[in-house]
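Data first, discussion second: the structure below is written as structure tokens.
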Amino acid sequence: MIGPGWPCGGSGGRGGDVVVKATPDLWSLAHVNGHVQAPNGMTGRRGNLNGESGRQCVISVPRGVFVRELLVDPEDSRQKRRGALLADLDQPGQSVTVALGGKGGMGNNMARVHEAFLGLPGQDRRIELELKTVADVGLIGMPNAGKSTLLGAVSRACPKIAPYPFTTVAPYVGKVDFADGSSLTMADVPGLVEGAHQGHGLGHEFLRHLERTKASDSEGGGRFSPSEVQT
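Residue numbers (UniProt numbering): 1 to 231.
So this is what it looks like as structure tokens:
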């Protein structure tokens, strides 16, 4: 008994992928949502029409971002540890697919007359985005050495300036334009304490932003040697 007509239900479309992409006009990760989901694929339709695939979900990040997988303890979801490095997005336009969309279900035009088969779910993945600021010049020095004042004087950046130490608590990046049309970017990192290169204070947390600078300028006496800037 086949019924009034042959089966003609199309298969479902595959789900969208989640992609992390480096964008040149971004400087921080403040805009990134903690949970991202790509759209589902569309259902199949009559007339042997397959459903459309879900759109790709793109997470735009600044260049200089490390994308790592986070592994969760199956017995305690609060416990996480770093997994494999998925990508180092150090150039604008670079991207990496961090979660693949699911496979669409099979319509009854491909299966038995009165049956259809469910698809496969997409990837559920936890990742970590670590930003290492990319700039041409990095400003380093002790607290209240004048780094933020210099950055504000030569660029349009507006870092907080005050007469007490550790006014800068996060890296600032400014663009310096020259009369001949050329330009460079300059990064101001929070003030460092003695022994920062050995992990004292938050030295490693701040010095990592200088790893990719082409030059470093030491404010306030030049008390940091090249070996101390390396992390």
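Ideal Cβ placement from N, Cα and C applies to all residues, glycine included. Just so we're clear, the structure is a prediction, and the values are computed from it rather than from any experiment.
Exercise for the section: Just grab the DSSP bridge partners of T133 for me. Expected result: For the purposes of this step, residue 133 is taken as the residue at position 133 of the sequence shown. Paired residue(s): none; T133 is not in a bridge.
Exercise for the section: My understanding is that G54 touches G12, with C-beta atoms under 8 angstroms, so please give their C-beta distance in whole angstroms. Expected result: The residue given as residue 54 occupies position 54 in the sequence shown. The residue given as residue 12 occupies position 12 in the sequence shown. Wrong, their Cβ atoms sit about 10 angstroms apart, outside the cutoff.
Problem - Contact set for G10: own chain, Cβ-Cβ below 6 angstroms, skip 5 residues either direction - result: Sequence index remark: in the sequence shown, residue 10 carries index 10 (1-based). So the list reads G44, R45, N48, L49, N50 and G107, once near-sequence residues are dropped.
Exercise for the section: Please report how far the alpha carbon of S225 lies from the alpha carbon of D188, in whole angstroms. Expected result: Here the question's residue 225 lines up with position 225 in the sequence shown. Here the question's residue 188 lines up with position 188 in the sequence shown. With a pLDDT of only 42 at S225, under the threshold of 50, the placement of this residue in the model should not be trusted; the figure read from the coordinates follows. Answer to the nearest angstrom: the Cα atoms are 18 angstroms apart.
Practice task
Label E151 either buried or exposed according to how many other C-beta atoms from any shown protein chain fall within 10 Å of its C-beta, with 16 as the threshold for buried.
Solution key: Along the sequence shown, read from residue 1 onward, the residue named residue 151 stands at position 151. Strictly speaking, residue 151 in this sequence is Leu, with Glu absent from that position. It counts as buried.
Practice task
Compare the C-alpha of H31 against each of R14, P62 and G101 and name the closest.
Solution key: Taking the first residue of the sequence shown as position 1, residue 31 is located at position 31. Closest option to H31, Cα to Cα, is P62.
Exercise for the section: Have a look at V173 and G64 and give me their C-alpha separation to the nearest angstrom. Expected result: If you number the sequence shown from 1, residue 173 lands on position 173. If you number the sequence shown from 1, residue 64 lands on position 64. Using only the alpha carbons, I get a separation of about 13 angstroms.
Problem - Cutoff 7 angstroms; reference P171; Cβ partners in own chain excluding five residues on either side - result: The count along the sequence shown starts at 1 and reaches residue 171 at position 171. Closer than 7 angstroms at Cβ, skipping near neighbours: T133, A187, D188, V189 and H209.
Exercise for the section: Could you check the C-alpha separation between V67 and A87 for me, to the nearest Å? Expected result: Here residue 67 is taken as the residue at index 67 of the sequence shown, counted from 1. Here residue 87 is taken as the residue at index 87 of the sequence shown, counted from 1. Cα to Cα, V67 sits roughly 5 angstroms from A87.
Handout entry: Any chain B beta carbon closer than 8 angstroms to G12
Key = Within the model displayed, chain B is absent; a lone protein chain is all it includes.
Problem - Reduced DSSP secondary structure (H/G/I, E/B, other) of V98 - result: For the purposes of this step, residue 98 is identified with residue 98 of the sequence shown, where counting begins at 1. The DSSP-derived three-state label of V98 is strand.
Practice task
Just confirm the distance between the C-beta atoms of L129 and K103, as a whole number of angstroms; I'd bet it's less than 8 angstroms.
Solution key: Taking the first residue of the sequence shown as 1, we reach residue 129 at position 129. Taking the first residue of the sequence shown as 1, we reach residue 103 at position 103. Actually they are not in contact, since the Cβ atoms of L129 and K103 sit about 27 angstroms apart, beyond 8 angstroms.
Problem - Beta-bridge partners of R14, as assigned by DSSP - result: By one-based count along the sequence shown, residue 14 stands at place 14. Answer by DSSP bridge pairing: none, since R14 is not bridged.
Practice task
Measure the C-alpha to C-alpha separation of G15 and Q123 and round it to an integer number of angstroms.
Solution key: Residue numbering aside, residue 15 sits at position 15 when the sequence shown is read from its first letter. Residue numbering aside, residue 123 sits at position 123 when the sequence shown is read from its first letter. So the alpha carbons of these two residues sit roughly 10 angstroms apart.
Exercise for the section: Please state whether DSSP places T43 in a helix, a strand or coil. Expected result: Residue mapping note: residue 43 aligns to position 43 of the sequence shown, counting from 1. DSSP places T43 in the coil class of the three-state scheme, outside both helix and strand.
Practice task
Please classify A153: does DSSP put it in a helix, a strand, or coil?
Solution key: Stepping through the sequence shown from its first residue, residue 153 is reached at position 153. Correct three-state label for A153: helix.
Exercise for the section: For my contact list, S155 and V176 are in at a C-beta cut-off of 8 angstroms; report their separation, rounded to the angstrom. Expected result: One-based indexing of the sequence shown puts residue 155 at position 155. One-based indexing of the sequence shown puts residue 176 at position 176. Going by Cβ atoms, the distance from S155 to V176 rounds to 5 angstroms, so yes, they are a contact pair.
Exercise for the section: Return the first residue and the last residue of the beta strand (DSSP E) that A38 is part of. Expected result: Locating residue 38 in the sequence shown gives position 38, where the first residue counts as 1. A38 -> no beta strand (DSSP E), and no H or E assigned at all.
Exercise for the section: Keeping to the same chain, check which residues put their C-beta closer than 6 angstroms to that of L85; ignore five residues upstream and five downstream. Expected result: Within the sequence shown, the letter at position 85 stands for residue 85. Only R68 meet the Cβ criterion.
Exercise for the section: Identify every residue that forms a DSSP beta bridge with L49. Expected result: The count along the sequence shown starts at 1 and reaches residue 49 at position 49. DSSP output for L49 lists R45 as bridge partner(s).
Problem - Spatially closest choice to S95 from Q56, V72, R82 and S182, by CA coordinates - result: Within the sequence shown, the letter at position 95 stands for residue 95. Of the candidates Q56, V72, R82 and S182, the one whose C-alpha sits nearest the C-alpha of S95 is Q56.
Handout entry: Helix, strand or coil at S148 according to DSSP, with G and I counted as helix
Key = Here residue 148 corresponds to residue number 148 of the sequence shown, with the count starting at 1. Correct three-state label for S148: helix.
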